[in-house]
Amino acid sequence: KAGVTQTPRYLIKTRGQQVTLSCSPISGHRSVSWYQQTPGQGLQFLFEYFSETQRNKGNFPGRFSGRQFSNSRSEMNVSTLELGDSALYLCASRRGGDTGELFFGEGSRLTVL
Amino acid sequence: GQQVMQIPQYQHVQEGEDFTTYCNSSTTLSNIQWYKQRPGGHPVFLIQLVKSGEVKKQKRLTFQFGEAKKNSSLHITATQTTDVGTYFCAGNNNDMRFGAGTRLTVKP
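Quick mapping for you: the protein sequence lines, in order, are chains W and L.
For what it's worth, this note's numbering labels the leading residue of the first sequence as 52, then goes sequentially.
For what it's worth, this note's numbering labels the leading residue of the second sequence as 34, then goes sequentially.
Structure follows, in C-alpha cells:
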C-alpha cells in the first residue's frame, strides 16, 4: 500500500512569506503528526491531528498552524517566515489512538532566504 | 512539559565494536519507541517497548526499558557498516517526543 506522501519535497521562500505543506497519510490512518527536523535538534514535535481535531501541540509560535481534512489529509502552514524556519518538515501517520508506530513521509525541505 | 534527552550525540566506532545509545525522560512514559534514520532518509520504526524492565532483541540489537519507565537504551553488538545512521528514541506520554538522536558512523 502507498506510504505517507508529502508535497512539495523542496521549496525555497524568502523571509516574510508564508508556506503551506501537505501530507497524505497511509490509507486508514487517522492520526497525522508534524515534526521539524534541523541539524543537531532532532525532531521537534509541532502538532498532532486526529479525526480533524488537534490533539496535541508542541512549543512552537502561533505562526505554525495546521489542519486535518475529513479524508485525514493534513496541511501545515507557516506564516511570516524567518530564516530559522529553514528545516526538514516531516509528517508521520499512524492508525489511531496514542500508541503504535509512526510511518514517516520523505519530508518537505524548506529553505528560507 | 515532557523532555527526552538522548546521549551521546555522536558515536564513531570501528566495524565490529559495540555501540550503545541512552535515552532519559523527565516524566514517566507509557511506552517508548526507537527509530533509525539513514543519511538522506526518513525515520523508520524499529521497536516499541511498553512494560517496565522490558528487554527486546532484534538480531544484534538489544532494547531495554527501565524499571521506572523513564529511561531506555539501544545496544548494537558487533556493528556493521549497514548500521550507519541516526538512532532516535521517542517517548510517548500523550504525545510522541523525540530525543535529539545519536549519529552512528562505522569505520570499515
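From the three backbone atoms N, C-alpha and C, an ideal C-beta is built for every residue, glycine too.
What you are looking at is a predicted structure, and each value in this text was computed from that prediction instead of being measured.
In angstroms with no decimal places, state the Cα-to-Cα distance between residue i and residue j.
{"i": "asparagine 107 (chain W)", "j": "asparagine 125 (chain L)", "result": "12 Å"}
{"i": "glycine 86 (chain L)", "j": "glutamate 48 (chain L)", "result": "29 Å"}
{"i": "glycine 54 (chain W)", "j": "glutamine 87 (chain W)", "result": "19 Å"}
{"i": "phenylalanine 96 (chain L)", "j": "glutamine 68 (chain W)", "result": "44 Å"}
{"i": "threonine 65 (chain W)", "j": "valine 129 (chain W)", "result": "12 Å"}
{"i": "methionine 129 (chain L)", "j": "glycine 93 (chain W)", "result": "13 Å"}
{"i": "phenylalanine 96 (chain W)", "j": "leucine 94 (chain L)", "result": "26 Å"}
{"i": "proline 72 (chain L)", "j": "serine 116 (chain W)", "result": "28 Å"}
{"i": "glutamine 113 (chain L)", "j": "threonine 119 (chain L)", "result": "14 Å"}
{"i": "tyrosine 43 (chain L)", "j": "leucine 137 (chain L)", "result": "6 Å"}
{"i": "lysine 92 (chain L)", "j": "glycine 158 (chain W)", "result": "29 Å"}
{"i": "threonine 131 (chain W)", "j": "glycine 151 (chain W)", "result": "35 Å"}
{"i": "phenylalanine 131 (chain L)", "j": "threonine 162 (chain W)", "result": "23 Å"}
{"i": "proline 59 (chain W)", "j": "glycine 113 (chain W)", "result": "22 Å"}
{"i": "glutamate 50 (chain L)", "j": "valine 70 (chain W)", "result": "45 Å"}
{"i": "serine 58 (chain L)", "j": "tyrosine 61 (chain W)", "result": "33 Å"}
{"i": "lysine 102 (chain L)", "j": "threonine 89 (chain W)", "result": "28 Å"}
{"i": "glutamate 99 (chain W)", "j": "lysine 90 (chain L)", "result": "30 Å"}
{"i": "leucine 164 (chain W)", "j": "valine 83 (chain W)", "result": "28 Å"}
Check residue i in the structure and name its three-state DSSP category.
{"i": "threonine 131 (chain W)", "result": "coil"}
{"i": "aspartate 128 (chain L)", "result": "strand"}
{"i": "threonine 53 (chain L)", "result": "strand"}
{"i": "threonine 71 (chain W)", "result": "strand"}
{"i": "threonine 114 (chain L)", "result": "helix"}
Can you name, in chain order, every residue of its own chain whose Cβ lies under 6 Å from the Cβ of residue i, other than the five neighbours on each side?
{"i": "glutamine 66 (chain L)", "result": "Gln81, Ala123"}
{"i": "serine 75 (chain W)", "result": "Thr56, Arg124"}
{"i": "methionine 127 (chain W)", "result": "Leu72, Trp85, Gly117"}
{"i": "proline 141 (chain L)", "result": "Glu48, Thr114"}
{"i": "phenylalanine 111 (chain W)", "result": "Leu97"}
{"i": "arginine 160 (chain W)", "result": "Tyr61, Leu139"}
Quickly, what does DSSP pair residue i with across the bridge? List them, please.
{"i": "asparagine 87 (chain L)", "result": "As written in the sequence, residue 87 (chain L) is glutamate, which differs from the asparagine given in the question. Per DSSP, none; premise fails for glutamate 87 (chain L)."}
{"i": "glutamine 119 (chain W)", "result": "W:Ser125"}
{"i": "glutamate 99 (chain W)", "result": "W:Ser84, W:Asn107"}
{"i": "threonine 162 (chain W)", "result": "W:Ile63"}
{"i": "arginine 145 (chain W)", "result": "W:Ser82"}
{"i": "lysine 140 (chain L)", "result": "L:Gln47"}
{"i": "lysine 69 (chain L)", "result": "L:Val77, L:Tyr120"}
{"i": "valine 37 (chain L)", "result": "L:Ser58"}
{"i": "threonine 95 (chain L)", "result": "L:Lys90, L:His108"}
Closer than 7 Å by C-beta to residue i: which residues in its own chain qualify, once you throw out the five before and the five after it? Chain order, please.
{"i": "glutamate 100 (chain L)", "result": "Ser85, Gly86"}
Tell me which residues share the same chain as residue i and place their Cβ nearer than 8 Å to its Cβ, disregarding the 5 neighbours each side in the sequence.
{"i": "isoleucine 77 (chain W)", "result": "Lys52, Ala53, Gly54, Val55, Ser144, Phe154"}
{"i": "phenylalanine 144 (chain L)", "result": "Shown here, chain L extends from 34 to 141; a query on residue 144 (chain L) therefore has no answer."}
How would you call residue i, buried or exposed, if buried means at least 16 neighbouring beta carbons within 10 angstroms?
{"i": "phenylalanine 120 (chain W)", "result": "exposed"}
{"i": "alanine 133 (chain L)", "result": "buried"}
{"i": "threonine 135 (chain L)", "result": "buried"}
{"i": "glycine 79 (chain W)", "result": "exposed"}
{"i": "isoleucine 109 (chain L)", "result": "buried"}
{"i": "serine 102 (chain W)", "result": "exposed"}
{"i": "glutamate 133 (chain W)", "result": "exposed"}
{"i": "serine 75 (chain L)", "result": "Contrary to the premise, residue 75 (chain L) reads as histidine rather than serine in this sequence. With 16 or more other Cβ atoms within 10 Å, it is buried."}
{"i": "asparagine 122 (chain W)", "result": "exposed"}
{"i": "valine 88 (chain L)", "result": "exposed"}
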